[in-house]
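Trainee:
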Amino acid sequence: MKGDEKLWGILNDKLDMLRASNRLPEAIRIAETALDLAQRAFKPGDSNYTLSLEKLGQLHDQAGDRAAAKPYLVKAHGFLEKAEPVDGHALFRSARRLGFLCDNLGETDAAIGYYEIAFKTGSKLADLPYSDLGTMLNNVALIYRKTGRQKAAEPYYLHALEIYEKQVGPDHPDVARVLNNLAVFYTNERRFAEAEKTHLRALSIREKAHPPTHPDIAQSKCNLAVVYHSNGDYARASELYRASIKTWEEATEKPPEDYEIVASNYADLLRSLGKARQANQLEERARKKRRL
Numbered sequence: 005m006k007g008d009e010k011l012w013g014i015l016n017d018k019l020d021m022l023r024a025s026n027r028l029p030e031a032i033r034i035a036e037t038a039l040d041l042a043q044r045a046f047k048p049g050d051s052n053y054t055l056s057l058e059k060l061g062q063l064h065d066q067a068g069d070r071a072a073a074k075p076y077l078v079k080a081h082g083f084l085e086k087a088e089p090v091d092g093h094a095l096f097r098s099a100r101r102l103g104f105l106c107d108n109l110g111e112t113d114a115a116i117g118y119y120e121i122a123f124k125t126g127s128k129l130a131d132l133p134y135s136d137l138g139t140m141l142n143n144v145a146l147i148y149r150k151t152g153r154q155k156a157a158e159p160y161y162l163h164a165l166e167i168y169e170k171q172v173g174p175d176h177p178d179v180a181r182v183l184n185n186l187a188v189f190y191t192n193e194r195r196f197a198e199a200e201k202t203h204l205r206a207l208s209i210r211e212k213a214h215p216p217t218h219p220d221i222a223q224s225k226c227n228l229a230v231v232y233h234s235n236g237d238y239a240r241a242s243e244l245y246r247a248s249i250k251t252w253e254e255a256t257e258k259p260p261e262d263y264e265i266v267a268s269n270y271a272d273l274l275r276s277l278g279k280a281r282q283a284n285q286l287e288e289r290a291r292k293k294r295r296l
């Protein structure tokens with residue numbers, strides 16, 4: 005048994021080296037051998053056995069085979085949940101990883117379950133960045149939205165907002181990011197008054213925190229324009245679309261894809277007003293800017 009433990013340690017170090025150099029097929033083969041050794045050398049639930057399961061699962065995930073990764077990560081997670089004492093950081097990382105993996109596999113209910121475990125565990129860790137908790141809440145909200153369960157998403161956005169405001173204060177750019185997500189949700193739900201109010205608050209924070217050409221300001225102006233556009237207030241929508249386009253153009257010589265999306269939205273508005281020629285010119289100008 006001692007020989008197996010020693011050889012396991014050697015193989016474990018080797019697979020770490022192979023993984024660091026991105027030699028994944030070799031690393032997976034070594035990880036499989038190390039897991040076989042761990043099964044002989046350690047009892048189920050031993051931290052080294054759990055580590056071997058995690059590493060093999062992570063390697064499959066890193067190689068892009070999430071279906072192959074899942075059984076190893078799920079088994080490791082089960083051991084982490086039953087460990088005495090529980091390692092909160094390890095359990096948090098495991099649950100978060102499985103939440104992301106299951107979401108990408110299309111297993112949305114499983115993903116939500118793992119994210120809930122990660123949030124519950126992470127909330128008890130004093131040194132965990134607030135952004136980690138907020139990101140998970142946002143991920144759950146997105147899962148609910150993309151699976152047609154929009155009403156279930158709102159509490160997660162609001163909880164994330166509460167966490168960010170408590171940790172960094174009401175006027176921090178991170179709070180504006182959460183407000184933006186919440187306001188987009190309200191827009192999609194056609195709750196335009198709430199969307200307008202929330203976007204205006206996000207824009208106000210961003211304008212105080214960033215220079216006038218910052219991309220976040222351009223994003224907020226565009227998203228607010230979408231609210232007015234959807235609500236039939238074309239004058240205010242046009243003004244904000246133009247302001248967003250101007251901000252993008254002043255920010256960089258070759259604007260990103262978001263710039264072209266703003267131009268497309270504004271072009272749609274112009275066509276609805278019978279200004280097809282102006283709309284076409286706007287889109288062509290945006291395409292040329294993007295090709296520079």
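Residues in the sequence shown are numbered from 5 upward in steps of one, following the working numbering. Glycine included, every Cβ here is placed at the ideal spot set by N, Cα and C.
If you follow the alpha helix (DSSP H) that H176 is part of, which residue opens it and which one closes it?
Mentor: The residue labelled residue 176 in the question sits at position 172 within the sequence shown. From DSSP, H176 is part of no alpha helix (DSSP H); its letter is neither H nor E.
Trainee: Note down, one range per segment and in chain order, each alpha helix (DSSP H) of at least 4 residues found wholly within the segment 245–279.
Mentor: 261–276
Trainee: Tell me whether T37 sits in a helix, a strand or coil according to DSSP, three-state version.
Mentor: Position 33 of the sequence shown, counted from the start, is the residue given in the question as residue 37. Helix.
Trainee: Nearest to G117 by CA position, among S242, V78, G92 and I209, is which residue?
Mentor: As a working note, residue 117 is residue 113 in the sequence shown. Of the candidates S242, V78, G92 and I209, the one whose C-alpha sits nearest the C-alpha of G117 is V78.
Trainee: Among Q171, R149 and V172, which has the Cα closest to the Cα of Y161?
Mentor: If you number the sequence shown from 1, residue 161 lands on position 157. It is R149 whose Cα lies nearest to the Cα of Y161.
Trainee: On the three-state DSSP scale, how would you describe V188?
Mentor: For this step, residue 188 is matched to residue 184 along the sequence shown. Reduced to three states, the DSSP call for V188 is helix.
Trainee: Quick check: what's the CA-CA separation for R194 versus R70?
Mentor: Position 190 of the sequence shown, counted from the first residue, corresponds to residue 194. Position 66 of the sequence shown, counted from the first residue, corresponds to residue 70. Rounded to whole angstroms, R194 to R70 spans 36 Å at the Cα level.
Trainee: With DSSP as the reference, label L109 as helix, strand or coil.
Mentor: Counting from one through the sequence shown, the residue named residue 109 turns up at place 105. The answer is coil: DSSP assigns L109 none of H, G, I, E or B.
Trainee: Taking the alpha helix (DSSP H) that D136 falls in, what are its first and last residues?
Mentor: Looking up residue 136 in the sequence shown gives position 132. Its alpha helix (DSSP H) spans residues Y134 to K150.
Trainee: Specify the secondary structure class of H218 as computed by DSSP and reduced to three states.
Mentor: What you label residue 218 is simply residue 214 of the sequence shown in a count that begins at 1. Here H218 sits in coil by DSSP.
Trainee: Measuring straight from C-alpha to C-alpha, what distance separates D237 and L277?
Mentor: For the purposes of this step, residue 237 is identified with residue 233 of the sequence shown, where counting begins at 1. For the purposes of this step, residue 277 is identified with residue 273 of the sequence shown, where counting begins at 1. Within the model, the alpha-carbon separation for D237 versus L277 is close to 12 Å.
Trainee: If you draw a straight line from the C-alpha of M377 to the C-alpha of D262, how long is it?
Mentor: With the chain covering 5 to 296 only, the question about residue 377 has no answer from this structure.
Trainee: Measure the CB-CB distance between P216 and T251 and report whether it falls below 8 Å.
Mentor: One-based indexing of the sequence shown puts residue 216 at position 212. One-based indexing of the sequence shown puts residue 251 at position 247. In this structure, T251 lies closer than 8 Å to P216 by Cβ.
Trainee: Report yes if the CB atom of A180 is closer than 8 Å to the CB atom of D136, and no otherwise.
Mentor: In the sequence shown, counting from the first residue as 1, residue 180 sits at position 176. In the sequence shown, counting from the first residue as 1, residue 136 sits at position 132. Inclusion of A180 and D136 in the CB contact set at 8 Å is not warranted, their separation being larger than that value.
Trainee: Which whole-angstrom value describes the C-beta separation of A206 and N184, a residue pair presumed to lie in contact below a C-beta threshold of 8 Å?
Mentor: Position 202 of the sequence shown, counted from the first residue, corresponds to residue 206. Position 180 of the sequence shown, counted from the first residue, corresponds to residue 184. The pair is a contact, with the Cβ atoms about 5 Å apart (cut-off 8 Å).
Trainee: Please work out which residues of its chain come closer than 8 Å, Cβ to Cβ, to A226, disregarding the five sequence neighbours upstream and downstream, and give them in chain order.
Mentor: As a first step, residue 226 must be located in the sequence shown, where it is residue number 222. In the sequence as displayed, the identity of residue 226 is Cys instead of Ala. The answer, listed in chain order, is L244, Y245, S248, D262, I265, V266 and N269.
Trainee: What does the alpha-carbon distance come out to for the pair L132 and L60?
Mentor: Numbered from its first residue, the sequence shown carries residue 132 at position 128. Numbered from its first residue, the sequence shown carries residue 60 at position 56. If I take the Cα positions, the gap works out to 26 Å.
Trainee: Following the continuous alpha helix (DSSP H) through R27, name the residue where it begins and the one where it ends.
Mentor: Counting from one through the sequence shown, the residue named residue 27 turns up at place 23. First-last for R27: undefined, no H or E at that position.
Trainee: Can you give me the C-alpha to C-alpha distance between P174 and L84, rounded to a whole angstrom?
Mentor: Numbered from its first residue, the sequence shown carries residue 174 at position 170. Numbered from its first residue, the sequence shown carries residue 84 at position 80. Each residue's Cα considered, the two are about 36 Å apart.
Trainee: Tell me whether I14 is buried or exposed, calling it buried when 16 or more other Cβ atoms sit within 10 Å of its Cβ.
Mentor: Within the sequence shown, numbered from 1, the residue matching residue 14 stands at position 10. So I14 ends up on the exposed side.
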